[in-house]
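Enquirer: One structure coming up, written as structure tokens, with questions to follow.
2 protein chains.
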Amino acid sequence: MILTVTLNTALDITYRVRTLRPHTSHRVSDVIERPGGKGVNVARVLAALGHAVTVTGFAGGATGRVLHERLADAPGMTDALVPVAGATRRTIAVVDELSGDTTQLNEPGPQISPAEWGDFLDRYEELLPAAAAVALSGSLPPGVPVGAYAGLIRTARALGVPVLLDTSGEPLRRGVAARPDIIKPNADELAELTGSHDPLRATQDARRRGAHAVIASLGAEGLLAATPEGRWHATPPARVHGNPTGAGDSAVAGLLSGLVERLPWPDRLAHAVALSTATVRAPVAGEFDRAAYEELVGRVAVTGDQTAA
Amino acid sequence: MILTVTLNTALDITYRVRTLRPHTSHRVSDVIERPGGKGVNVARVLAALGHAVTVTGFAGGATGRVLHERLADAPGMTDALVPVAGATRRTIAVVDELSGDTTQLNEPGPQISPAEWGDFLDRYEELLPAAAAVALSGSLPPGVPVGAYAGLIRTARALGVPVLLDTSGEPLRRGVAARPDIIKPNADELAELTGSHDPLRATQDARRRGAHAVIASLGAEGLLAATPEGRWHATPPARVHGNPTGAGDSAVAGLLSGLVERLPWPDRLAHAVALSTATVRAPVAGEFDRAAYEELVGRVAVTGDQTAA
Chain G
78 MILTVTLNTA LDITYRVRTL RPHTSHRVSD VIERPGGKGV NVARVLAALG HAVTVTGFAG
138 GATGRVLHER LADAPGMTDA LVPVAGATRR TIAVVDELSG DTTQLNEPGP QISPAEWGDF
198 LDRYEELLPA AAAVALSGSL PPGVPVGAYA GLIRTARALG VPVLLDTSGE PLRRGVAARP
258 DIIKPNADEL AELTGSHDPL RATQDARRRG AHAVIASLGA EGLLAATPEG RWHATPPARV
318 HGNPTGAGDS AVAGLLSGLV ERLPWPDRLA HAVALSTATV RAPVAGEFDR AAYEELVGRV
378 AVTGDQTAA
Chain C
78 MILTVTLNTA LDITYRVRTL RPHTSHRVSD VIERPGGKGV NVARVLAALG HAVTVTGFAG
138 GATGRVLHER LADAPGMTDA LVPVAGATRR TIAVVDELSG DTTQLNEPGP QISPAEWGDF
198 LDRYEELLPA AAAVALSGSL PPGVPVGAYA GLIRTARALG VPVLLDTSGE PLRRGVAARP
258 DIIKPNADEL AELTGSHDPL RATQDARRRG AHAVIASLGA EGLLAATPEG RWHATPPARV
318 HGNPTGAGDS AVAGLLSGLV ERLPWPDRLA HAVALSTATV RAPVAGEFDR AAYEELVGRV
378 AVTGDQTAA
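Chains G and C are the protein sequences, given in the same order.
The numbering of the first sequence is the working numbering, which starts it at 78 and goes up by one.
The numbering of the second sequence is the working numbering, which starts it at 78 and goes up by one.
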């Protein structure tokens, strides 16, 4: 199975209104609710691709109970969320029916106690031996030490489990120093980590800082990869319009899927770009359009050089 | 005990943000969650005044479970909510920290099935014999017949239980024809019911349509009462600034409290206006400022005529 870690899980709620007008009252015409947080989104895509996935992180309160219920109903996903006293945060996306524009309201995460963090570490160590790969995704909730991801990476590497890190800021900086197998920063995260706004230079720099492979997501320009096996640039066949929510998480799922299937890097990148593009195209945020994915995967252009072995 | 009926209960959530800007992302700095719906608000104020209150209506889903948990923790309030398959709606009030202005997002209520409506009617008839008074508050969820309040009023009157109706539109029109003891429309609801924008004329007209007593809430101008015992106008001592959310529900609680304590009408009206004003003044929407209430109650001006008995 593939293990995804989401320390800052969420209940993602989408509201549809005619047009959001501040300081007025709105009747919500449609409510969609689903488990969220970046690692949960990665797990959903992996499960849709046919992988067995285990989801860990934290869940608490009434919103946490909804997460447990929804995961129990989701085929291919195993719920290994650790209970906490605080309530799992809600995120609310208010979508204007007329323009499709979205206004986001994000609750703060619950405070994690030292004992709860200890419970999580125990669960993580129990789950790792059965994992073919592990993804560490998203921000850290209050109470979790800033070096948390670095520790989780060291534990995974000690057990020989490949580990992908997708976060930002100081947790990314410290995580990279623990030598993860893959990081997947976007352009801003990469620039913040390296100080360089040149993606080519920055991906090389991030490798020097400790990441074995750096896959930078450049939005509509696709993925730029710097790996021990070579450097590539994978680009979607055409610009697509739609909702980019979850496109990065779908790319992570594509990279992990290719990793456990031992695909060569160019194929992994083609799958990741196709999934990401098919997510932007899907009508529901964070879902991917399977037909678009299958049609796109053969049409992603991958250019680059294999390093002489 | 006093029975409050809230067919369209809600989980009221208040978010604090710096300033709501459409089509951007917001970090919510503060989350307050509490059981809501007009009759639940009435019950909260009655319980704070020392009355034993029983809360009925519907509750379902994860949000309904939160309602049950919160009511179990609330002193003086007995939970007699009837389970339904659909989820209790959420209402979200987004308060701008800078201006205090509020943007409201209201989910639709759950669909009530004929069997669930039947369950409610059974529960209502079980609870009524022990009630000193009953309040019917708010809108009707989908699936509940538009004449629902008229039927509930007839049942209460057949058992000799005084009944107050606080709703609007067609449910109010039909309810009035069933001869409730008290209705508490605001100026708009009264105008819609009677076709007259003159509150004095409209309160008299609403009595002719069937209501024994009509207590019109006129915002900052207080309450205008047309009753079998006389006509009065009760006005707060000074204009107050604050959040009017729940002020009408507090007035209803004051009227019911005065009713079960057999106070004369001018005293009931003074309590209702003082509670309503103390609610506008309180920092948290729907709460009342107890010190303000106690100070205000002796300073409400009540003018009018007692009908010769």
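Beta carbons are placed, not taken as given, at the ideal position from N, Cα and C, and that holds for glycine.
Looking at chain G, is there any beta carbon in it that lies within less than 9 Å of the beta carbon of residue 179(C)?
Expert: In the second sequence, the residue the question calls residue 179(C) occupies position 102. Chain G contact via Cβ: present.
Enquirer: I believe residue 83(G) touches residue 215(G) by the beta-carbon criterion, under 8 Å. Please report the beta-carbon distance rounded to the nearest angstrom.
Expert: Within the first sequence, the letter at position 6 stands for residue 83(G). Within the first sequence, the letter at position 138 stands for residue 215(G). Indeed, because the Cβ distance is near 6 Å, the residues count as touching under 8 Å.
Enquirer: Counting only Cβ-Cβ distances shorter than 8 Å, please list the residues of the segment 118–142 of chain C near chain G, keeping chain order.
Expert: Residues passing the 8 Å Cβ filter: 139, 140, 142.
Enquirer: Can you tell which of 167(G), 173(G), 192(G), 175(G) has its C-alpha closest to the C-alpha of residue 182(G)?
Expert: For this step, residue 182(G) is matched to residue 105 along the first sequence. Of the listed residues, the one whose Cα sits closest to residue 182(G) is 167(G).
Enquirer: Got a sec, what are the start and stop residues for the beta strand (DSSP E) residue 283(G) sits in?
Expert: As a first step, residue 283(G) is located in the first sequence; it is residue number 206 there, counting from the start. That residue, residue 283(G), is in no beta strand (DSSP E); its alpha helix (DSSP H) goes 276–286.
Enquirer: Between which two residues does the beta strand (DSSP E) containing residue 111(C) stretch?
Expert: Taking the first residue of the second sequence as position 1, residue 111(C) is located at position 34. Its beta strand (DSSP E) spans residues 107–113.
Enquirer: Helix, strand or coil: how does DSSP classify residue 104(G) here?
Expert: In the first sequence, counting from the first residue as 1, residue 104(G) sits at position 27. Three-state result, residue 104(G): strand.
Enquirer: Applying a beta-carbon distance threshold of less than 9 Å, which residues of chain G neighbour residue 99(C)?
Expert: Taking the second sequence and counting its residues from 1, one reaches residue 99(C) at position 22. Within 9 Å Cβ-Cβ: 96, 97, 98, 99, 171, 173, 178, 180.
Enquirer: Does the separation of the CB atoms of residue 346(G) and residue 300(G) fall below 9 Å?
Expert: The residue given as residue 346(G) occupies position 269 in the first sequence. The residue given as residue 300(G) occupies position 223 in the first sequence. Yes, Cβ-Cβ distance for residue 346(G) and residue 300(G) is below 9 Å.
Enquirer: So the beta strand (DSSP E) residue 310(C) belongs to, where does it begin and stop?
Expert: Reading the second sequence from its first residue, position 233 is the one you call residue 310(C). If you look at residue 310(C), you'll find it in the beta strand (DSSP E) that goes 307–312.
Enquirer: State the start and end residues of the unbroken beta strand (DSSP E) segment that holds residue 294(G).
Expert: Taking the first residue of the first sequence as position 1, residue 294(G) is located at position 217. That run of the beta strand (DSSP E) goes 290–294.
Enquirer: Taking the alpha-carbon positions, what's the residue 94(G) to residue 101(G) distance?
Expert: Here residue 94(G) corresponds to residue number 17 of the first sequence, with the count starting at 1. Here residue 101(G) corresponds to residue number 24 of the first sequence, with the count starting at 1. Approximately 12 Å between the Cα atoms of the pair.
Enquirer: For residue 88(C), report the span of its beta strand (DSSP E) as first-last.
Expert: Sequence index remark: in the second sequence, residue 88(C) carries index 11 (1-based). Counting along the chain, the beta strand (DSSP E) containing residue 88(C) begins and ends at 87–94.
Enquirer: Cβ atoms of residue 194(C) and residue 221(C): under 9 Å apart, would you say?
Expert: One-based indexing of the second sequence puts residue 221(C) at position 144. One-based indexing of the second sequence puts residue 194(C) at position 117. The beta carbons of residue 221(C) and residue 194(C) sit closer together than 9 Å.
Enquirer: Looking at C-alpha atoms only, which residue of 78(C), 212(C), 326(C) is the closest neighbour of residue 294(C)?
Expert: If you number the second sequence from 1, residue 294(C) lands on position 217. The shortest C-alpha separation from residue 294(C) is found at 326(C).
Enquirer: Do the CB positions of residue 297(C) and residue 313(C) come within less than 9 Å of each other?
Expert: One-based indexing of the second sequence puts residue 297(C) at position 220. One-based indexing of the second sequence puts residue 313(C) at position 236. Yes, Cβ-Cβ distance for residue 297(C) and residue 313(C) is below 9 Å.
Enquirer: Would residue 349(G) pass as a contact of residue 369(G) if the rule is Cβ separation under 9 Å?
Expert: Translated into positions along the first sequence, residue 349(G) becomes position 272. Translated into positions along the first sequence, residue 369(G) becomes position 292. Against a cut-off of 9 Å, the Cβ pair of residue 369(G) and residue 349(G) comes out as no contact.
Enquirer: Whole-angstrom Cβ separation of residue 281(G) and residue 303(G), contact assumed at under 8 Å?
Expert: Numbered from its first residue, the first sequence carries residue 281(G) at position 204. Numbered from its first residue, the first sequence carries residue 303(G) at position 226. About 6 Å separates the two Cβ atoms, so the contact holds.
Enquirer: Suppose you measure from the CA of residue 139(G) to the CA of residue 254(C); what does that come to, to the nearest Å?
Expert: Your numbering for residue 139(G) matches position 62 in the first sequence. Your numbering for residue 254(C) matches position 177 in the second sequence. Each residue's Cα considered, the two are about 42 Å apart.
Enquirer: Run through chain C and tell me which residues come within less than 9 Å of residue 103(G), C-beta to C-beta.
Expert: Numbered from its first residue, the first sequence carries residue 103(G) at position 26. Those are 180, 181, 182, 183, listed as they occur along chain C.
Enquirer: With 7 Å as the limit, tell me which residues of the segment 184–203 of chain G have their beta carbon closer than that to any beta carbon of chain C; keep them in chain order.
Expert: 184, 185
Enquirer: Here's a check: name, in chain order, each residue in its chain whose Cβ is nearer than 7 Å to the Cβ of residue 376(C), leaving out the five neighbours to either side.
Expert: By 1-based counting over the second sequence, the position of residue 376(C) is 299. Cβ neighbours of residue 376(C) beyond the five flanking positions: 314.
Enquirer: Does the beta carbon of residue 106(C) sit closer than 9 Å to a beta carbon anywhere in chain G?
Expert: Against the second sequence, residue 106(C) aligns to sequence position 29. Residue 106(C) counts as touching chain G.
Enquirer: Residues in its own chain within less than 6 Å of residue 155(G) by CB, not counting five upstream and five downstream?
Expert: Within the first sequence, residue 155(G) is the residue found at index 78, counting from 1. Counting only Cβ-Cβ distances below 6 Å, and skipping sequence neighbours, we find 131.
Enquirer: Per DSSP, what kind of secondary structure is residue 264(G) in: helix, strand or coil?
Expert: The residue given as residue 264(G) occupies position 187 in the first sequence. It is helical.
Enquirer: Please confirm whether residue 370(G) has its beta-carbon closer than 9 Å to some beta-carbon of chain C.
Expert: The sequence position of residue 370(G) within the first sequence is 293, counting from 1. Chain C contact via Cβ: absent.
Enquirer: Quick check on DSSP: helix, strand or coil for residue 385(C)?
Expert: By 1-based counting over the second sequence, the position of residue 385(C) is 308. Confidence at residue 385(C) is low in this model, with a pLDDT of 48, below 50, so the placement of that residue is unreliable and no value is reported for it.
Enquirer: Assuming residue 260(C) contacts residue 291(C) (C-beta within less than 8 Å), just tell me the rounded distance between them.
Expert: The residue given as residue 260(C) occupies position 183 in the second sequence. The residue given as residue 291(C) occupies position 214 in the second sequence. 6 Å between Cβ atoms; contact.
Enquirer: So, is residue 177(G) buried or exposed, given that buried needs 16 or more other C-beta atoms within 10 angstroms?
Expert: The count along the first sequence starts at 1 and reaches residue 177(G) at position 100. Exposed: under 16 other Cβ atoms inside 10 Å.
Enquirer: Relative to the C-alpha of residue 316(G), which residue among 279(G), 358(G), 344(G), 284(G) is closest?
Expert: Walking along the first sequence from the start, residue 316(G) turns up at place 239. For the residues 279(G), 358(G), 344(G), 284(G), the minimum Cα distance to residue 316(G) belongs to 358(G).
Enquirer: Taking C-beta to C-beta, are residue 323(C) and residue 364(C) nearer than 9 Å?
Expert: Position 246 of the second sequence, counted from the start, is the residue given in the question as residue 323(C). Position 287 of the second sequence, counted from the start, is the residue given in the question as residue 364(C). Yes; because the gap between Cβ atoms is below 9 Å, this pair is in contact.
Enquirer: Would you say residue 91(G) reaches chain C, if we count a Cβ-Cβ gap shorter than 9 Å as a contact?
Expert: The sequence position of residue 91(G) within the first sequence is 14, counting from 1. Cβ-Cβ to chain C under 9 Å: no for residue 91(G).
Enquirer: What first and last residue would you give for the alpha helix (DSSP H) that runs through residue 79(G)?
Expert: Within the first sequence, the letter at position 2 stands for residue 79(G). From DSSP, residue 79(G) is part of no alpha helix (DSSP H) but of the beta strand (DSSP E) over 79–83.
Enquirer: Under DSSP, the beta strand (DSSP E) around residue 365(G) begins and ends at which residues?
Expert: Working through the first sequence from its first residue, we reach residue 365(G) at position 288. Taken as a continuous stretch (DSSP letters only), residue 365(G) belongs to no beta strand (DSSP E), as it is neither H nor E.
Enquirer: Going by Cα to Cα distance, which pick from 118(C), 361(C), 197(C), 372(C) is closest to residue 157(C)?
Expert: The count along the second sequence starts at 1 and reaches residue 157(C) at position 80. Comparing Cα-Cα distances from residue 157(C) to each of 118(C), 361(C), 197(C), 372(C), the minimum goes to 197(C).
Enquirer: In the structure shown, what three-state DSSP assignment does residue 98(C) receive?
Expert: Within the second sequence, residue 98(C) is the residue found at index 21, counting from 1. Three-state result, residue 98(C): coil.
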